[in-house]
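Have a look at the structure below, then the notes.
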Amino acid sequence: MFVVALAGNPNSGKTTLFNQLTGLNQRVGNYPGVTVERRAGAATIAGKPAQIIDLPGTYSLISRSRDEAIAFEVLTGRTNDPKPNVVVLVIDASNLERNLYLALSVLEIGLPAVVALNMMDVAEASGLVVEPKKIEEVLGVEVVPIVAPSRRGLPELEAAVARTLAEPHAPKARSWQLGANAESVIGDIKEALIARGSPPASADGEAVWLLSSVGTSEKGRADEEHLILDGPLGEVAELAKKTLVNEPDFSAQVIAARYQRTREISAQSTQRSRPVERDLTDRLDNVLLHPLGGPLVFFAVMAVLFQSIFAWAEPLMGLIESGVGLVQEQVAVLLPEGALRDLLIDGAIGGAGNVIVFVPQIGILFAFLAILEDSGYLARAAFISDRLMARIGLHGRAFVPLLSGFACAIPAVMATRVIESRRDRLVTILVTPLVSCSARLPVYTLIIASLFASDERVLGVFSKGGLLMLSMYGLSILVTIGAAFVLKRTLLKSPTPPLVLELPPYRIPALSSVVRRVVERCVVFIRDAGTVIMLLSIVLWALLYFPREVELPPALLAQQAALSNETPEEQRTAVEAEVRAERLRQSIAGRIGHTIEPLIAPLGFDWKIGIGLLASFAAREVFVSTMGLVYGVGDAADEESAPLRERIQAERHPDTGLPVYTPLVGLALMVFFLLAAQCVSTVAIVRRETNSWRWPAFMVASMTVMAWVGAFVVYQGGRLLGFQ
Amino acid sequence: MTLDRLASGLDARITVVDSSSPVMLRLMEMGLVPGASVRIEKRAPFGGPLELRVGGYLLSIRLDEAKKLTVET
Ligand SMILES: Nc1nc2c(ncn2[C@@H]2O[C@H](COP(=O)(O)OP(=O)(O)OP(=O)(O)O)[C@@H](O)[C@H]2O)c(=O)[nH]1
């Protein structure tokens, strides 16, 4: 089987072409060791089976970091994939200059290639006449005009690929020159490469690549060391660095010379049939980037996006939850009572429910993102929010993920994919769980309603409950920004990412592409994060469930024995709930609660709250139902239920008789929930998106410490100030 | 004159690029090289980024970077 790699600029139509070639035979995964997604699929080209690899869209082959190096590594066969037999260079005909720049960089390393001149319809509509034959003469490879979405030119493209496969030949050699000094530097490195076994046809291009790449790595960053420079390239890298001392602006010279050449080729092969006119994009930008109108539209769009994942997903999630409940009931009827049944119902099916319940939010957010991206607005949104985000040290593109975090960290973390720089993406991923997500709301509500006179008016207009809630959100925003600020300056130290952002022309998004991306994201989530979420859910369930053999206090045993058919229903449920509560208190989780009590006592929490904290790892809102179980008011308790509130108010320390829950404890608890990483699903998705366990481990550890310190400061500080 | 001081809607040509930082090399790779023609299409308010037209497409960069590009009209 032969391998075809698709390379091109972002927005050149690469993915559209890839989808046309592979249909549904494709798979999204990760390249090992980096956070770049690998997209590959199978196709039949000229009757032969082929593997198609869609490279990440890039403007250049120069590699400043591991992530950026992927394109080069795939092209030269340095990853797990075999070296491509043919490279298809996807070029946007309506934007030849910049697209040809990448094409030249790829052709210079001497790979057999075919140019797919895409977006011919766009070029024609804007009055550009592009002549493929002229480009072909200059580059020495076949150039096929296509329109990817409508398959125009695709058979010809496949035929050209087949011809190149049958008779692979290197493209024409580099067609630009530098000054004598720089040329001799290239010559030295080229010779060194050939001496170490590089094929002469590609040695010149490799020399230029190597010199530009080692010459542009950011100083003080370790990334450069992470380039996989094996073979001749690795052996010569040191020499290249040394030679560059005399030619410090080598990279700039290369870029300028290559662009000069690009401009010439573009000028030779295109003509204007009519002068440039103001197009739709210009007119829309007049409104959407207007100093006043722009931000207004931006806020409106963000409000709709926020509303949709916050509120519109709710009914779907409710539906899924009741569906899971229904399945659980059915299974309960089918199976005999026992640990196996409980494992299946509460552990496995509950765990699966824990996975699927995120699908609506992920689906809606990614549908939105796909529409925003394909329409061209996402880049404008980054343009508008850049000023704000740059202050924190982040890219404008971090805005949408952070905003989504208010609904749920899972889709938000997945949405950080649009952020280019690895460090900035990591910072955004790590701070997103600090944004107060909707799963924290039930906890806040329960605490506020139980411990504070929440309806009491403050200053006439505000209610105490509302103000408390608002301050939790305010605190969350401050902490998120603060954490990003600190991370950017310490662990993930990097300069504010430059805003180098292409603003693509506005287009009407294609439904098929939107649907495709939504499905793709949901599949990736269920496949890559789902198993981890399920496993962790089952572990948590077991902690709360085992051991089954517990000693019930004599009084309770007597009550249980006294139950008969005449016992009023109410009393029966009360006794049963108390039995369950006793079991839970003696479960492994209960024992852990006891064990960690000395740790959480300084925060004002007792061991029963400890059980709740542990259980809420399944999902924060589980805290509410767990406390219902612990206090023997049943697991159906929600944040609105009066018995649970009364029980919380009535809870006393057994030794002192003082109330366990004071407003101060409530405040500490809310702060703890705000800051703690209590959510296995977030852990699972952070693992998936960072492609390692290191970052999720760091996230849980640091957030737990922050939560402890935060609650400690609130509780002990409050006591020092004389509050109870 | 540096690019940040160019009036909106005016065609200019880049003469010098201060290429001492990786960011500027990246901008060069996006087409902001000596000899290229540029025009400022939009300015974001409060000293926000610029929308440039360069080599047939729209590119957005911050003022800090624009200051490192010398242009002539
Ligand atoms: N009119 C027209 N639109 C096209 C053509 N090819 C692609 N598009 C559209 O251009 C947009 C971008 O195409 P993609 O295939 O996502 O581009 P890409 O190169 O994969 O971009 P990245 O995923 O950012 O690397 C989509 O909305 C496509 O529908 C074409 O030949 N003509």
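Which chain is which? The protein sequence lines are A and B, in order. Numbered as in the numbering used here, the first sequence ends at 729 without a single skipped number. Numbered as in the numbering used here, the second sequence ends at 653 without a single skipped number. Backbone N, C-alpha and C fix where the C-beta goes; we use that ideal spot for every residue, glycine too. All values derive from a computational prediction rather than experimental measurement.
Considering only DSSP beta bridges, list what residue i is partnered with.
{"i": "A:Arg507", "result": "Here residue 507 of chain A turns out to be Glu, not Arg, going by the sequence shown. According to DSSP, A:Glu507 bridges with B:Leu639."}
{"i": "A:Leu133", "result": "A:Arg277"}
{"i": "B:Lys622", "result": "B:Glu631"}
{"i": "A:Pro664", "result": "A:Arg657"}
{"i": "A:Asp59", "result": "A:Leu11 and A:Arg44"}
{"i": "A:Ile96", "result": "A:Leu122"}
{"i": "A:Gln31", "result": "A:Gly46"}
{"i": "B:Thr582", "result": "B:Thr650"}
{"i": "A:Phe467", "result": "A:Val463"}
{"i": "A:Pro54", "result": "A:Thr49"}
For residue i, report the span of its beta strand (DSSP E) as first-last.
{"i": "B:Leu649", "result": "Leu649 to Glu652"}
{"i": "A:Gly46", "result": "Glu42 to Ile50"}
{"i": "B:Arg593", "result": "Asp591 to Val597"}
{"i": "A:Val120", "result": "Ala118 to Asn123"}
{"i": "A:Asp429", "result": "Run containing A:Asp429: none in the beta strand (DSSP E); it sits in the alpha helix (DSSP H), Arg427 to Val436."}
Pick from the options: whose alpha carbon is nearest that of residue i?
{"i": "A:Leu249", "options": "A:Gln565, A:Val537 and A:Gly192", "result": "A:Gly192"}
{"i": "B:Glu609", "options": "A:Ala98, A:Glu102 and A:Phe77", "result": "A:Glu102"}
{"i": "A:Arg396", "options": "B:Gly636, B:Glu652, B:Pro629 and B:Leu638", "result": "B:Pro629"}
{"i": "A:Thr631", "options": "A:Leu451, A:Pro296 and A:Ser426", "result": "A:Leu451"}
{"i": "A:Ala417", "options": "A:Ala515, A:Ile314, A:Glu147 and A:Ala337", "result": "A:Ile314"}
{"i": "A:Ile270", "options": "A:Ala257, A:Lys138, A:Leu431 and A:Ala716", "result": "A:Lys138"}
{"i": "A:Ile424", "options": "A:Gly236, A:Leu407 and A:Pro438", "result": "A:Leu407"}
{"i": "A:Leu506", "options": "A:Phe457, A:Ser468 and A:Arg385", "result": "A:Arg385"}
{"i": "A:Arg43", "options": "A:Arg32, A:Gln276, A:Lys53 and A:Val213", "result": "A:Arg32"}
{"i": "A:Leu516", "options": "A:Gly13, A:Phe7, A:Met307 and A:Pro154", "result": "A:Pro154"}
{"i": "A:Val148", "options": "A:Asp126, A:Ala130, A:Val95 and A:Ser476", "result": "A:Val95"}
{"i": "A:Arg83", "options": "A:Gln182, A:Gly239, A:Val332 and A:Trp700", "result": "A:Gly239"}
{"i": "A:Gln182", "options": "A:Ile453, A:Ser455, A:Phe255 and A:Ala454", "result": "A:Phe255"}
{"i": "A:Ala501", "options": "A:Leu549, A:Arg427, A:Ile350 and A:Tyr550", "result": "The displayed chain sequence assigns Thr, not Ala, to residue 501 of chain A. Ranking A:Leu549, A:Arg427, A:Ile350 and A:Tyr550 by Cα distance to A:Thr501 puts A:Arg427 first."}
{"i": "B:Gly627", "options": "A:Ser621, A:Leu374, A:Ser455 and A:Pro296", "result": "A:Pro296"}
{"i": "A:Thr20", "options": "A:Met6, A:Ala45 and A:Val41", "result": "A:Ala45"}
{"i": "B:Gly589", "options": "B:Arg619, B:Leu638 and B:Ala646", "result": "B:Arg619"}
{"i": "A:Gln56", "options": "A:Val524, A:Val665, A:Arg532 and A:Val166", "result": "A:Val166"}
{"i": "A:Leu446", "options": "A:Ala624, A:Met704 and A:Val519", "result": "A:Ala624"}
{"i": "A:Arg618", "options": "A:Ala655, A:Leu22 and A:Phe678", "result": "Looking at the sequence provided, one finds Leu at residue 618 of chain A rather than Arg. Checking every option, the nearest Cα to that of A:Leu618 belongs to A:Phe678."}
{"i": "A:Val134", "options": "A:Met124, A:Val143 and A:Glu142", "result": "A:Met124"}
What does the Cβ neighbour count give for residue i, buried or exposed, with the cut at 16 atoms within 10 Å?
{"i": "A:Ala344", "result": "exposed"}
{"i": "A:Phe628", "result": "buried"}
{"i": "B:Asp591", "result": "exposed"}
{"i": "A:Trp317", "result": "exposed"}
{"i": "A:Glu230", "result": "Caution is warranted here: a pLDDT of 48 is assigned to A:Glu230, below 50, making its placement in the model unreliable, and no coordinate value can be reported."}
{"i": "A:Ser17", "result": "buried"}
{"i": "A:Asp391", "result": "buried"}
{"i": "A:Ser207", "result": "buried"}
{"i": "A:Glu163", "result": "buried"}
Terminal residues of the continuous alpha helix (DSSP H) containing residue i?
{"i": "A:Gly715", "result": "Arg699 to Leu725"}
{"i": "A:Gly145", "result": "Neither: A:Gly145 is in no alpha helix (DSSP H) and is coded neither H nor E."}
{"i": "A:Arg657", "result": "A:Arg657 -> no alpha helix (DSSP H), and no H or E assigned at all."}
{"i": "A:Ile543", "result": "Gly535 to Tyr550"}
{"i": "A:Pro15", "result": "Careful: A:Pro15 lies outside any alpha helix (DSSP H) and carries neither H nor E."}
{"i": "A:Leu674", "result": "Pro668 to Leu680"}
{"i": "A:Asp347", "result": "Ala344 to Asp347"}
{"i": "A:His599", "result": "Ile593 to Ile605"}
{"i": "A:Trp612", "result": "Trp612 to Ala620"}
{"i": "A:Cys527", "result": "Leu516 to Val529"}
{"i": "A:Tyr449", "result": "Leu446 to Leu456"}
Next on the checklist: Output needed in chain order: residues of the stretch 498 to 528 of chain A with a Cβ under 7 Å from some Cβ in chain B.
Outcome noted: Pro503, Leu504, Val505, Leu506, Glu507 and Leu508
Checklist entry - Of all the residues that make up the stretch 630 to 643 of chain B, which are near chain A by a beta-carbon distance shorter than 7 Å? => result So the list reads Glu631, Gly635, Gly636, Tyr637, Leu638, Leu639, Ser640, Ile641 and Arg642, given in the order they occur along the chain.
Checklist entry - Looking at chain B, which residues of the stretch 243 to 277 of chain A have a Cβ within less than 8 Å of any of its Cβ atoms? => result Asp254, Ser256, Ala257, Ile260, Ala261, Tyr264, Gln265 and Arg268
Checklist entry - Closer than 9 Å, Cβ to any Cβ of chain B: which residues of the stretch 655 to 668 of chain A, in chain order? => result none
Checklist entry - Along the stretch 37 to 66 of chain A, what residues have a CB closer than 8 Å to any CB found in chain D? => result Absent here is chain D; the protein component of the structure consists of chains A and B.
Checklist entry - Which residues, taken in chain order from the stretch 279 to 299 of chain A, show a beta carbon closer than 7 Å to some beta carbon of chain B? => result Asp290, Leu294 and Pro296
Checklist entry - Listed in chain order, which residues of the stretch 614 to 628 of chain B have Cβ atoms closer than 9 Å to some Cβ of chain A? => result Residues of the stretch 614 to 628 of chain B whose Cβ lies closer than 9 Å to any Cβ of chain A, in chain order: Pro614, Gly615, Ala616, Glu621, Lys622, Arg623, Ala624, Pro625, Phe626, Gly627 and Gly628.
Checklist entry - If you measure beta-carbon to beta-carbon, which residues of the stretch 591 to 605 of chain B are closer than 9 Å to chain A? => result Val597, Ser599, Ser600, Ser601, Pro602, Val603, Met604 and Leu605
Checklist entry - Using Cβ-Cβ distances below 8 Å, what residues of the stretch 93 to 116 of chain A are close to chain B? => result Ser99, Asn100, Leu101, Glu102, Arg103 and Tyr106
Next on the checklist: Taking beta-carbon pairs under 7 Å, can you tell me which members of the stretch 559 to 592 of chain A lie near chain B?
Outcome noted: none
Checklist entry - If contact means a Cβ-Cβ distance below 7 Å, which residues of the stretch 378 to 393 of chain A contact chain B? => result Listed by position along the chain: Phe388, Ile389, Asp391 and Arg392.
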